[in-house]
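Keeping their order, the protein sequence lines are chains R and G. Quick note on numbering: the first sequence equals residues 6 to 279 in the working numbering. Quick note on numbering: the second sequence equals residues 199 to 563 in the working numbering. The structure appears below as structure tokens.
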Amino acid sequence: MNRAKTSTLFKIVIVLYLFIIIFPFFWVAVTSLRPEAEIWGSGALQLKGAAFTTENYKLLFKTPVLNSLKNSLIISTITTIYVTFVASLCAYAIARLDFKFKKLLTVIVLVTSMFPQMIVIGPIYRVFVQLGWTNSYYISLPYSNITLPVAIFILITHFSQIPKEMEESATMDGSSKINTFFKIILPLAAPGIFTAAIIIFIGAWNEFLLSLTLNTNEAWRTATVNISFLRGQFEIFWGQVTAATVVVTIPTLIIVILFQKQIVSGITSGALKE
Amino acid sequence: MAGITLKNVSKIYDNGFEAVKSISLDIVDGEFMVLVGPSGCGKSTTLRMIAGLEEISSGELYIGEELVNKVEPQDRNIAMVFQNYALYPHMTIYENMAFGLKLRKLHKNEIDKRIREAAATLHIDSQLDKRPKALSGGQRQRVALGRAIVRNPRVFLMDEPLSNLDAKLRVQMRAELIRLHNDLKTTFVYVTHDQTEAMTMGSRICVMKDGIIKQVATPEEIYNKPDNLFVAGFIGSPQMNFFKGRLIEEGEEYSLLGNNDEYGEFRFPVEIEDKENVRPYLRKEIIFGVRPEHIKFTEEDGLKAQVLVTELLGSEVHVHLHVQGEIHTVKTDASVHIKAGDIIKVIPACDKIHLFDPETEKALI
């Protein structure tokens with residue numbers, strides 16, 4: 006196959022993929038602006054001449070959605086900060102230091118990321134009940150269960166790409182290991198750290214099961230869980246659910262838009278002779 | 199400033215590979231010592247052990263009077279320049295040079311003074327606010343040097359610092375490094391695989407192979423009196439020609455006798471200084487070596503051979519000959535007209551022939 010054909014095929018695949026990803030969101034966004042009566046039926050996706058309303062949003066903000074957003078924001082931020090910190094140190098040790106059972110440790114990290122959450126949630130719940138940590142921001146701790154392994158793996162890749170000479174050069178300059186880590190390695194791994202932080206944040210933001218199980222009190226619910234409670238005895242308020250979905254998606258969108266430069270930037274260029 | 203002493207230093211890696219085999223070396227204070235050898239000879243490992251970046255498996259390493267086997271690299275007060283510069287890309291040139299000084303808690307004014315001085319010496323004063331990315335390869339290497347200079351270290355270690363530069367820049371930087379060494383009068387340990395760099399820069403050269411030191415001597419001595427076959431072949435470009443032959447004694451005179459296949463026997467006179475030393479080798483097969491510039495064309499008796507290729511280098515010509523199944527080179531001036539396919543006769547200068555034991559590969563004279 007020649008290059009032009011491959012590139013056309015590639016474009017078609019990408020367009021299809023984007024359509025599959027974006028269409029549900031588009032649908033949700035449109036639905037959130039339609040009166041409850043017009044959500045269903047053949048005219049559901051019709052934009053022309055359709056009645057639009059902000060009623061769903063007004064109703065939504067009468068529920069504790071803002072409080073749940075605040076909870077999500079606090080929990081996700083705490084998770085992002087401490088998991089990024091722990092993951093950086095851990096990934097650096099695995100990428101650069103020599104110690105016994107390094108490979109085993111790496112495998113264990115990988116394995117834990119593969120445990121279905123269903124398996125760990127029972128024990129975590131028991132521990133939380135006994136410590137009296139349910140309905141609190143301590144939920145950030147088990148969030149590392151879903152975010153830490155991924156973050157460690159992203160960062161191992163980034164740390165390994167930093168030339169060893171950079172550290173050796175700092176060592177010869179008189180820098181201690183920990184100083185080198187903070188002054189040389191972290192700035193150089195910044196794109197990786199941003200990527201990891203964003204993935205951690207989004208992972209924590211989207212988390213549902215732990216939040217549903219551990220923070221049962223309405224005051225401590227996170228946004229994702231809150232959406233699932235937007236229902237009456239006999240019906241689901243689809244208008245409000247879609248409006249809440251839009252509201253919950255906005256912070257992650259903002260983050261990605263704000264930080265995409267840092268993720269992509271090639272900060273290490275010029276360090277070494279390529 | 200300080201000298202460096204290695205006493206039976208070895209490096210054995212975890213996988214059992216012995217990169218450096220019990221070497222002993224005295225590097226005199228203020229000396230420009232060049233470690234040279236082919237890839238994998240252990241020269242970089244030796245340098246990294248001096249730096250403290252590799253642990254020493256056995257033996258003792260002294261910097262000055264101090265035993266430093268267990269001293270952390272940051273406490274050895276030595277500076278190192280890496281092959282790929284290893285500049286910190288997120289810092290400006292100024293910050294790059296200041297990094298080590300700040301860690302030593304020097305006063306801001308002192309740091310500034312040292313950086314400005316070093317930058318002036320290395321002609322990078324106008325680059326101080328830029329980042330490494332904006333600099334050319336040569337400038338980056340200067341920054342790497344500058345970062346080492348400002349620290350006033352006891353010893354400078356350099357790991358093939360010029361090998362990433364283009365040929366012209368390399369020649370220029372070579373001269374600058376020599377000048378720098380003359381100015382600083384600090385001990386330099388310089389690793390290279392390039393024998394030209396070794397010859398031009400070193401006060402002494404340490405030739406290594408397979409983790410062993412083959413010879414340590416001044417460039418002149420290494421060139422004129424190589425200790426063994428390896429050193430003789432490694433130093434000098436084009437490399438020394440080696441022939442097989444027998445040494446015979448005729449009264450007070452000595453001759454080398456050999457056979458060059460279809461062109462028959464050859465015989466040259468050879469001057470022997472230490473007659474006692476060569477006595478056991480008389481009439482036995484030995485290896486003898488002659489540098490390309492010590493072979494002359496002759497009309498009289500000599501070694502007959504066919505010319506394979508001639509290479510004109512401007513002022514001189516390298517004539518490649520086929521002798522004893524191998525290619526040998528004769529260096530001659532460009533006025534000599536010889537072309538490929540010619541059958542010619544050559545004779546080596548009788549006082550410039552090196553004799554080697556074929557088994558131990560040690561030099562006989």
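Where a beta carbon is used, it is the ideal one built from N, C-alpha and C, also for glycine.
In DSSP terms, what residue i is bridged to
i	result
T390 (chain G)	G:V234
E448 (chain G)	G:E451
R368 (chain G)	The partner list for R368 (chain G) (beta bridge, DSSP) is empty, contrary to what the question assumes.
A508 (chain G)	Checking the displayed sequence, the identity of residue 508 (chain G) turns out to be Thr instead of Ala. DSSP lists G:V517 as partners of T508 (chain G).
Q413 (chain G)	G:V405
H552 (chain G)	G:G487
E170 (chain R)	None; E170 (chain R) has no bridge partner.
Y62 (chain R)	DSSP lists no partner for Y62 (chain R).
D531 (chain G)	G:E514
H526 (chain G)	G:L519
Supposed close pair residue i, residue j - CB separation, criterion 8 Å
i	j	result
V70 (chain R)	A249 (chain R)	6 Å
S242 (chain G)	S208 (chain G)	Incorrect: roughly 15 Å between the Cβ atoms, too far for contact.
V348 (chain G)	R312 (chain G)	4 Å
G250 (chain G)	R274 (chain G)	5 Å
Q339 (chain G)	Y283 (chain G)	6 Å
E216 (chain G)	I225 (chain G)	Their Cβ separation, rounded to whole angstroms, is 22 Å, which puts E216 (chain G) and I225 (chain G) out of contact at 8 Å.
I276 (chain G)	M119 (chain R)	In fact, because the Cβ distance is near 47 Å, the residues do not count as touching under 8 Å.
L204 (chain G)	L223 (chain G)	5 Å
G262 (chain G)	A200 (chain G)	3 Å
L219 (chain R)	T139 (chain R)	5 Å
D549 (chain G)	I484 (chain G)	Actually they are not in contact, since the Cβ atoms of D549 (chain G) and I484 (chain G) sit about 17 Å apart, beyond 8 Å.
I542 (chain G)	T385 (chain G)	Not confirmed; about 48 Å, so no contact.
I493 (chain G)	V544 (chain G)	5 Å
Cβ neighbours of residue i in the same chain (closer than 6 Å, five flanking residues each side left out)
i	result
L304 (chain G)	none
V429 (chain G)	V405, K412 and Q413
M278 (chain G)	A249 and L355
S216 (chain R)	T227 and V230
C239 (chain G)	M406 and K407
A100 (chain R)	I161, F164 and S165
P351 (chain G)	N275, I276 and A277
S274 (chain R)	For S274 (chain R), the predicted structure reports a pLDDT of 39, less than 50, and the residue's modelled location is therefore unreliable. A value from the coordinates is still provided. Here the set comprises nothing.
E315 (chain G)	none
8 Å CB neighbourhood of residue i in its chain, flanking five on each side removed
i	result
S145 (chain R)	I80, I83, T84, Y87 and A209
K278 (chain R)	For K278 (chain R), the predicted structure reports a pLDDT of 44, less than 50, and the residue's modelled location is therefore unreliable. A value from the coordinates is still provided. Closer than 8 Å at Cβ, skipping near neighbours: no residue.
F280 (chain G)	A342, D357 and P359
F104 (chain R)	A98
A141 (chain R)	The question names Ala, but residue 141 (chain R) is Ser in the sequence shown. N220 and W225, listed in sequence order.
Per-residue contacts from residue i into chain R (C-beta, under 7 Å)
i	result
A277 (chain G)	M177
A249 (chain G)	M177
G298 (chain G)	D178 and G179
Interface partners of residue i on chain G, CB under 7 Å
i	result
I189 (chain R)	Y286
S180 (chain R)	Q272 and L301
Chain G contact residues for residue i, given Cβ-Cβ distances below 8 Å
i	result
P168 (chain R)	N282 and A284
P196 (chain R)	Chain G residues near P196 (chain R): none, gap ~11 Å exceeds 8 Å.
I165 (chain R)	Per the sequence shown, residue 165 (chain R) should be read as Ser rather than Ile. Under the 8 Å cutoff, chain G gives no residues; its nearest Cβ is about 16 Å from S165 (chain R).
M171 (chain R)	A284 and Y286
S3 (chain R)	Outside the shown range of chain R, which is 6 to 279, sits residue 3 (chain R), and nothing can be said about it.
Cβ-based neighbour list, residue i, same chain, cut-off 7 Å, excluding 5 preceding and 5 following
i	result
Y97 (chain R)	F164, F186 and I190
I44 (chain R)	T36, W243 and G244
R236 (chain R)	F242
I19 (chain R)	none
Chain R residues whose Cβ lies nearer than 9 Å to that of residue i
i	result
G262 (chain G)	Simply none; closest approach about 17 Å.
Contact list for residue i against chain G, beta-carbon separation under 9 Å
i	result
M123 (chain R)	Neighbours of M123 (chain R) on chain G: none; closest Cβ ~42 Å, over 9 Å.
L193 (chain R)	Y286, P287 and H288
S303 (chain R)	The structure shown has nothing for residue 303 (chain R), since chain R only spans 6 to 279.
S118 (chain R)	Here the premise fails: no neighbours, minimum Cβ distance about 29 Å.
Under 9 Å by beta carbon: chain C residues contacting residue i
i	result
S93 (chain R)	In the structure shown, chain C does not exist; the protein chains are R and G.
**Request:** Indicate whether the contact test is met: 3 or more Cβ pairs, each with one atom in the stretch 350-362 of chain G and one in the stretch 319-332 of chain G, closer than 8 Å.
**Result:** no
**Item:** Given 8 Å, three or more beta-carbon pairs between the stretch 412-426 of chain G and the stretch 450-468 of chain G
**Value:** no
**Asked** Would you say the stretch 112-123 of chain R touches the stretch 154-162 of chain R, given that touching needs at least three Cβ pairs under 8 Å?
**Response** Proximity of the stretch 112-123 of chain R to the stretch 154-162 of chain R meets the contact definition, three or more beta-carbon pairs being nearer than 8 Å.
**Prompt:** Is it true that the stretch 233-242 of chain G meets the stretch 388-396 of chain G, where meeting means three or more beta-carbon pairs spaced less than 8 Å apart?
**Reply:** With the cut-off at 8 Å, the stretch 233-242 of chain G and the stretch 388-396 of chain G touch.
**Touching by the beta-carbon criterion (3+ pairs, under 8 Å), the stretch 46-66 of chain R and the stretch 241-255 of chain R** = yes
**Message:** Does the contact criterion of 3 or more C-beta pairs under 8 Å hold for the stretch 534-541 of chain G versus the stretch 488-508 of chain G?
**Reply:** yes
**Request:** Assess, as a yes-or-no matter, whether the stretch 194-202 of chain R is touched by the stretch 226-234 of chain R under the definition of 3 or more beta carbon pairs within less than 8 Å.
**Result:** no
**Message:** Any contact between the stretch 522-532 of chain G and the stretch 444-452 of chain G? By contact I mean 3 or more CB pairs, one from each, below 8 Å.
**Reply:** no
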